[in-house]
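K.L.:
Just dropping this structure here.
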């Protein structure tokens, strides 16, 4: 499994001053963290992009496009749509480059843009999705590839029929309430910790922890036949 | 029963063990180490998380970067965002948790006050609405029409005076008898 672990180099030394102080009901009134202190951090690079450094933008796209596509793929079940949305995410990053502040990690900001886009897309296409088979465009497990356009070769369908387990995981994750779903996708597949997920979803640490725990409890019940 | 209650209370703490074991309180770790029920639950939750590895995502298509670069070229040639869009993005993706709703409320209040003042000013300047010439003609014609109907009805009544008299049983008109 190619679980994507985000680069931690940009976290900076003062990631969370409230850590270890027990449950925090709301966002801690911690001193502002400057993630751009390290010149090589993503935050510093993004600030340079805002100042006109195009190469910095290309670097960030190169670094995060896989993570974005896989995250959006799991949100929308379709690779072509996921790639389209990922492009939109990077376009928005570029358009909003001057609004980025190094008080948030670059990835927090990136995922905030991505979740906004994915949620809007899901709401816009709610009726369309209910009429389609969401499993057809799943990747081939062997090659890990998915055709860009609908492909009705028997191997894809056969693979999917065989792999009930994968279909069940996908279906039950998708059944989760919106925020639980996004939290699980970020936690399980994007390698993010609950603190950062809380920042992306604008939730307190304890609320995020509880959100994730409830989601995993639900999934444990639904997937108990496959464990 | 006591043990069950204790475990129920500890269930929240299992979240710490599952999501951030390193910083879970020592009390929680000790309890889980001793409690078979909690251990079992934690084991099942971890197994579920392990199972979820089976959901793989595809590699990006080889054309992704080409397409993105093409869009970026268009973007660089396009005009820059307006100040309003930049401020909107700042609130939408910015780190402040409560700034968004606050800004929205402030904007709404400003719009209400500003819009109200604007409407008030324009109302003063507007002339008193006058009905159009057509409307006056139509109204006059309707009045004439209804008057005519009333006159017709009166005429119809006065044309048949006998009916009214004939129907009256107390009439002392000799001709009716």
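Residue numbers (the numbering used here), protein chains in the order written: chain A, 10 to 236; chain B, 4 to 180. The beta-carbon is built from N, C-alpha and C at its ideal position, and this holds for glycine as well. The structure presented is a predicted model; accordingly, all values stated were derived computationally and were not measured.
#1: How would you write the range of the alpha helix (DSSP H) that residue 226(A) sits in, first residue to last?
#2: May I ask you to list, following chain order, the residues of the region 54 to 69 of chain B that have a beta carbon less than 9 angstroms from some beta carbon of chain A?
#3: With 8 angstroms set as the bound, which would you pick, yes or no: does the beta-carbon of residue 37(B) sit closer than that to a beta-carbon of chain A?
#4: Within 10 angstroms of its Cβ, does residue 19(B) collect 16 or more other Cβ (buried), or is it exposed?
#5: Could you pull out every residue in the same chain whose Cβ sits closer than 6 angstroms to the Cβ of residue 185(A), ignoring the five residues on either side in sequence?
#6: Would residue 95(A) and residue 77(A) be called neighbours here (beta carbons separated by less than 8 angstroms)?
#7: Compare the C-beta of residue 130(A) with all C-beta atoms of chain B and state if any pair is closer than 8 angstroms.
#8: Assuming contact is defined by CB atoms lying nearer than 8 angstroms, are residue 104(A) and residue 58(A) in contact in what I supplied?
#9: Look at residue 82(A) and residue 57(B) and say whether their C-beta atoms are less than 8 angstroms apart.
#10: Let me check understanding here. Comparing Cα to Cα, which of 221(A), 118(A), 50(A), 56(A) lies closest to residue 193(A)?
#11: Please classify residue 122(A): does DSSP put it in a helix, a strand, or coil?
#12: List the residues of chain B whose Cβ lies closer than 8 angstroms to the Cβ of residue 92(A), in chain order.
#13: Tell whether a beta-carbon distance below 8 angstroms holds between residue 17(B) and residue 47(B).
#14: Give a yes or no on whether the C-beta atoms belonging to residue 178(A) and residue 55(B) are separated by under 8 angstroms.
#15: Starting from the C-beta of residue 42(B), find all residues in its chain whose C-beta is less than 8 angstroms away, skip the five residues before and the five after it, and write them out in chain order.
#16: Would you be able to state if there are at least three C-beta pairs under 8 angstroms between the region 206 to 213 of chain A and the region 224 to 233 of chain A?
#17: Of the choices 92(A), 93(A), 108(A), 98(A), whose alpha-carbon is the least far from that of residue 91(B)?
#18: If I'm right that residue 125(A) touches residue 95(B) with Cβ under 8 angstroms, what's the distance once you round it to whole angstroms?
#19: Identify every run of the alpha helix (DSSP H) within the region 170 to 207 of chain A, keeping only runs that are complete inside it and at least 4 residues long; order them along the chain.
#20: Within its chain, find whatever has a CB closer than 7 angstroms to the CB of residue 117(A); leave out the 5 residues flanking it on each side and keep chain order.
#21: Are the Cβ atoms of residue 85(A) and residue 123(A) separated by less than 8 angstroms?
#22: Label residue 145(B) either buried or exposed according to how many other C-beta atoms from any shown protein chain fall within 10 Å of its C-beta, with 16 as the threshold for buried.
#23: At a Cβ threshold of 8 angstroms, is residue 236(A) touching chain B?
#24: Between residue 4(B) and chain A, is any beta-carbon pair separated by less than 8 angstroms?
#25: Counting only Cβ pairs nearer than 8 angstroms, list the residues of chain B close to residue 225(A).
#26: Inspect the beta-carbon positions of residue 180(A) and residue 114(A) and report whether they are closer than 8 angstroms.
#27: Just mark residue 66(B) as buried or exposed, buried being the case when its beta carbon has 16 or more other beta carbons within 10 Å.
P.N.:
The structure says:
#1: Mapped onto the first chain, residue 226(A) falls at position 217. Counting along the chain, the alpha helix (DSSP H) containing residue 226(A) begins and ends at 214 to 231.
#2: Closer than 9 angstroms at the C-beta level to chain A, one finds these residues of the region 54 to 69 of chain B: 54, 55, 56, 57, 58, 59, 60, 61, 62, 63, 64, 66, 67, 68.
#3: Along the second chain, read from residue 1 onward, the residue named residue 37(B) stands at position 34. Not closer than 8 angstroms to any Cβ of chain A, the Cβ of residue 37(B) fails to qualify, so no.
#4: The residue given as residue 19(B) occupies position 16 in the second chain. Buried.
#5: On the first chain, position 176 is the one that residue 185(A) refers to. These residues qualify, in order along the chain: 224.
#6: Taking the first residue of the first chain as position 1, residue 95(A) is located at position 86. Taking the first residue of the first chain as position 1, residue 77(A) is located at position 68. Taking 8 angstroms as the Cβ cut-off, residue 95(A) and residue 77(A) qualify as a contacting pair.
#7: As a first step, residue 130(A) must be located in the first chain, where it is residue number 121. No, residue 130(A) lies away from the interface with chain B (no Cβ there is under 8 angstroms from its Cβ).
#8: As a first step, residue 104(A) is located in the first chain; it is residue number 95 there, counting from the start. As a first step, residue 58(A) is located in the first chain; it is residue number 49 there, counting from the start. It is not a contact, given that the beta carbons lie outside the stated cut-off.
#9: The count along the first chain starts at 1 and reaches residue 82(A) at position 73. The count along the second chain starts at 1 and reaches residue 57(B) at position 54. Cβ atoms of residue 82(A) and residue 57(B): not closer than 8 angstroms.
#10: Walking along the first chain from the start, residue 193(A) turns up at place 184. Of the listed residues, the one whose Cα sits closest to residue 193(A) is 221(A).
#11: Taking the first residue of the first chain as 1, we reach residue 122(A) at position 113. Of the three classes helix, strand and coil, the one that applies to residue 122(A) here is helix, per DSSP.
#12: Locating residue 92(A) in the first chain gives position 83, counting from the first residue. Here the neighbours are 63, 64, 67, 70.
#13: The residue labelled residue 17(B) in the question sits at position 14 within the second chain. The residue labelled residue 47(B) in the question sits at position 44 within the second chain. Not closer than 8 angstroms, so no.
#14: Stepping through the first chain from its first residue, residue 178(A) is reached at position 169. Stepping through the second chain from its first residue, residue 55(B) is reached at position 52. In this structure, residue 55(B) lies closer than 8 angstroms to residue 178(A) by Cβ.
#15: Working through the second chain from its first residue, we reach residue 42(B) at position 39. The residues are 35, 36.
#16: no
#17: As a working note, residue 91(B) is residue 88 in the second chain. With distances taken between Cα atoms, residue 91(B) lies closest to 108(A).
#18: Position 116 of the first chain holds residue 125(A). Position 92 of the second chain holds residue 95(B). With a Cβ gap of about 7 angstroms, residue 125(A) and residue 95(B) count as contacting.
#19: 173 to 184, 187 to 193
#20: In the first chain, counting from the first residue as 1, residue 117(A) sits at position 108. Contacts found: 205, 208, 209.
#21: One-based indexing of the first chain puts residue 85(A) at position 76. One-based indexing of the first chain puts residue 123(A) at position 114. No, these two residues do not count as a Cβ contact at 8 angstroms.
#22: Counting from 1 along the second chain, the entry for residue 145(B) is found at position 142. Looking at its Cβ environment, which holds fewer than 16 other Cβ atoms inside 10 Å, residue 145(B) is exposed.
#23: Stepping through the first chain from its first residue, residue 236(A) is reached at position 227. Cβ-Cβ to chain B under 8 angstroms: yes for residue 236(A).
#24: Here residue 4(B) corresponds to residue number 1 of the second chain, with the count starting at 1. With a pLDDT of only 40 at residue 4(B), under 50, the local geometry of the prediction cannot be trusted, and no value is derived from it.
#25: Counted from its first residue, the first chain places residue 225(A) at position 216. Within chain B, the residues near residue 225(A) are 21, 48, 51, 52.
#26: Taking the first chain and counting its residues from 1, one reaches residue 180(A) at position 171. Taking the first chain and counting its residues from 1, one reaches residue 114(A) at position 105. Not a contact, by the Cβ cut-off of 8 angstroms.
#27: For the purposes of this step, residue 66(B) is identified with residue 63 of the second chain, where counting begins at 1. By the neighbour-count rule (16 or more Cβ atoms within 10 Å), residue 66(B) is not buried but exposed.
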